[in-house]
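Numbered per my numbering, the sequence shown spans residues 18 to 319.
No residue lacks a Cβ here, since even glycine has one placed at the ideal position from N, Cα and C.
See structure below.
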Amino acid sequence: MINFDAVVGQEKPIQILKNLIRFGRIGHAYLFTGPEGTGRKTVAISFAKAVNCLNLPEKYDPCNYCSNCLKTEKGIHSDFHTISPLNSVITIEQIREIKETIYWRPLENRKKIFIISDAHKMTLAASNSLLKILEEPPSYAVLILITSVPENLLPTILSRCHRISFQPLKKAEQKEISNRMGRGSEEKNKYIDWVLKAKSEQPFSYFFSTGEKEIKDITDSFLDFTEVMILWFRDILFLQLGLPQNTLSFPERIDKIKDFAQFYSEERIIAILDYLTQIPEKMEKYINPKILLENFILQIGD
Ligand SMILES: [Zn+2]
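In structure tokens:
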């Protein structure tokens, strides 16, 4: 799950953001500056989740199981939008899309949040269009611009944003990140391999022939497994919708995604994703993860 905790060495910016939530002083425009790889986007998404979390704990970390947290995490929340360069520029059309939605009050949330990654890649027309929004943002709007080269943005944009600086990482912190990533990707691959194998051998019988220990490994960290499956099936959906490869979570496994995709219609994938996103809530109600896993296997079966 995307969370403040996932970011190493940025206690200061995180504390500033948490204080904004704590004291109810959330502004309209932020500029997250700092080098690549310092967790700026992870912090931005965590902030978006925390701002609208229905169940915000005392430490101001998002709860990660309310519907707002889950939808924001999956990028399917109607009040949460992210924009990144297409073919290395952010076009005026992309900013127009913000304009078209920003003036509609949030449907489900307190705040409507927009994240613009690599904001320095806006064209001049896009910058001017964004400036108009920043001059008179609606009360509920929050825009987060992320950049490693703030000096390339219009001064008029800079002056309207509250700047949050992310520091370059020290050696030890870099090492911790690479350790964490290594661990994480090993786990992810393990889950995907399991599901690929299950699918290739008739899921239900595979499930019953899988050893106790293997099932326990999965059910013991069932939320992590669920998260990987959400990303996996989202990749399949994205592929079927013809979205570009850079939107995938597992682009390195594109061939397997294609193989897998042929078994499912769009409706079916959406139904599976629906089921997966309800799992954290079900676990809150103490439903046994093994039963949830069994149901999931039934859903992906032939
Ligand atoms: Zn929440």
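Identified DSSP bridge partners for residue i
| i | result |
| --- | --- |
| Lys129 | Ala158 |
| Ile163 | Phe49 |
| Leu103 | Val106 |
| Arg180 | Leu48 |
| Phe97 | Ile130 |
| Met139 | Ile107 |
Contact test: residue i Cβ vs ligand 1 heavy atom, cutoff 7 Å
| i | result |
| --- | --- |
| Leu34 | no |
| Pro79 | yes |
| Lys88 | no |
| Leu337 | Summary: the structure shown does not reach residue 337, with the chain confined to residues 18 through 319, and so no result is reported for it. |
| Leu71 | yes |
| Lys66 | yes |
| Cys83 | yes |
With 16 other Cβ atoms within 10 Å as the buried cut-off, status of residue i
| i | result |
| --- | --- |
| Val106 | exposed |
| Ile33 | exposed |
| Ile287 | exposed |
| Asp252 | buried |
| Pro261 | exposed |
| Ala189 | exposed |
| Leu124 | exposed |
| Ile304 | exposed |
| Lys233 | exposed |
| Asn81 | buried |
| Gln111 | buried |
| Pro297 | buried |
Residues near residue i in its chain [Cβ-Cβ closer than 7 Å; skip 5 each side]
| i | result |
| --- | --- |
| Leu171 | Ser144 and Leu148 |
| Phe97 | Ala65, Thr89 and Ile130 |
| His94 | Asn85 and Lys88 |
Nonlocal neighbours in the same chain, by C-beta distance under 8 Å from residue i, ignoring five residues either side
| i | result |
| --- | --- |
| Ile209 | Val245, Trp249, Phe267, Arg270 and Lys273 |
| Arg127 | Val68, Asn69 and Tyr157 |
| Lys275 | Leu256 |
| Tyr292 | Asn312, Phe313 and Gln316 |
Residues near residue i by beta carbon distance below 6 Å, same chain, minus five either side
| i | result |
| --- | --- |
| Ile109 | Ala142, Ala143 and Ser146 |
| Leu151 | Ala46 and Arg177 |
| Lys35 | Tyr77 |
Say whether the region 123-137 touches the region 155-170, bearing in mind that this needs 3 or more beta-carbon pairs closer than 8 Å, one atom from each stretch.
-> When Cβ pairs closer than 8 Å are counted between the two stretches, the region 123-137 is seen to touch the region 155-170, the count reaching three or more.
Spell out a yes or no on whether the region 70-85 and the region 206-220 are touching, meaning 3 or more CB-CB pairs, one atom from each, closer than 8 Å.
-> No: fewer than three Cβ pairs fall under 8 Å.
Does the pairing of the region 179-193 with the region 44-54 give three or more beta-carbon distances under 8 Å?
-> Verdict: yes, contact present.
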